[in-house]
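Novice:
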Amino acid sequence: MSKKRARLTKPTAQHRDPGLEEVMTGTTVFNVPFPADLSTLKGMSPLVIRFPYSVEYLHSYGQDSPFFAGLANRKLLGTRCGPCQYTYATPRLHCPACGRETDWTELPQQGRVHTFTTCYYGSEEFLKETPFHLILVEFDGVDTLLLARLIGVSGPEEIRIEMKVKAKFRRNSQLKTTDVYFVPA
Ligand SMILES: [Zn+2]
114 MSKKRARLTK PTAQHRDPGL EEVMTGTTVF NVPFPADLST LKGMSPLVIR
164 FPYSVEYLHS YGQDSPFFAG LANRKLLGTR CGPCQYTYAT PRLHCPACGR
214 ETDWTELPQQ GRVHTFTTCY YGSEEFLKET PFHLILVEFD GVDTLLLARL
264 IGVSGPEEIR IEMKVKAKFR RNSQLKTTDV YFVPA
């Protein structure tokens, strides 16, 4: 190891002086000392401030918009490729097989559980709802599956492959994929 590299290496625990862990909270300051002599300002320590920060996104659904407009109107939309005679439950704007633009089509609102999983951990948005059940729904006449939440069962032992389920929609659409969920039919 070169001398330069060695200097950049963090000191190990045994070389560091003992001390308490740093905390990220501090005292609210109302009067910041300010020198009368402005020439000393360049030697001033940097001010560090802490404040909450949030971001509001403006997000376009683009060509996927009809799917969400469908959810808001209690309709489940998929797409269909004419030449391939293939129907996608999760809409594909272009057919992955032949590349042609697909057409919107309404899906049945009843289907069957193809497979399922129970989530005991989730991302921040869904963490408070754990455990919850996710299912892949299989529809008659549709060639791909739809991922959705299954509500109305007390535990995974009540879920069965091939179990009949029906779609339900949130009364107040959030224009999110979670606007639709399934319950035992
Ligand atoms: Zn196609």
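Going by the numbering used here, the sequence shown opens with residue 114, and the numbers climb by one from there. All C-beta atoms, glycine included, are put in the ideal place defined by N, C-alpha and C.
(1) DSSP beta-bridge partners for residue 246?
(2) Mind checking which residues open and close the beta strand (DSSP E) that includes residue 298?
(3) Cβ atoms of residue 199 and residue 256: under 8 Å apart, would you say?
(4) State the start and end residues of the unbroken beta strand (DSSP E) segment that holds residue 149.
(5) Is the beta carbon of residue 220 closer than 8 Å to that of residue 191?
(6) Below 8 Å on the Cβ atoms is my guess for residue 207 versus residue 218; work out the distance and round it to an integer in Å.
(7) Return the chain-ordered ranges of every beta strand (DSSP E) run that is complete within the segment 183-229 and spans a minimum of 3 residues.
(8) Which residues in the same chain as residue 188 place their Cβ atom closer than 8 Å to its Cβ, once the five residues preceding and following it in sequence are excluded?
(9) Nearer than 7 Å: is that true of the beta carbon of residue 232 relative to any heavy atom of ligand 1?
(10) Could you tell me the alpha carbon to alpha carbon distance between residue 203 and residue 265, rounded to whole angstroms?
(11) Hey, would you say the C-beta of residue 187 is under 7 Å away from at least one heavy atom of ligand 1?
Specialist: A quick look at the data gives this:
(1) In the DSSP assignment, the residues bridged to residue 246 are 231, 263.
(2) Run containing residue 298: none; DSSP gives neither H nor E here.
(3) Between residue 256 and residue 199, the gap from beta carbon to beta carbon is short of 8 Å.
(4) Where residue 149 is concerned, there is no enclosing beta strand (DSSP E), given that its DSSP letter is neither H nor E.
(5) Cβ atoms of residue 191 and residue 220: closer than 8 Å.
(6) Actually they do not touch by this definition, with Cβ atoms about 15 Å apart.
(7) 190-194, 199-201, 216-219
(8) 219.
(9) no
(10) 23 Å
(11) no
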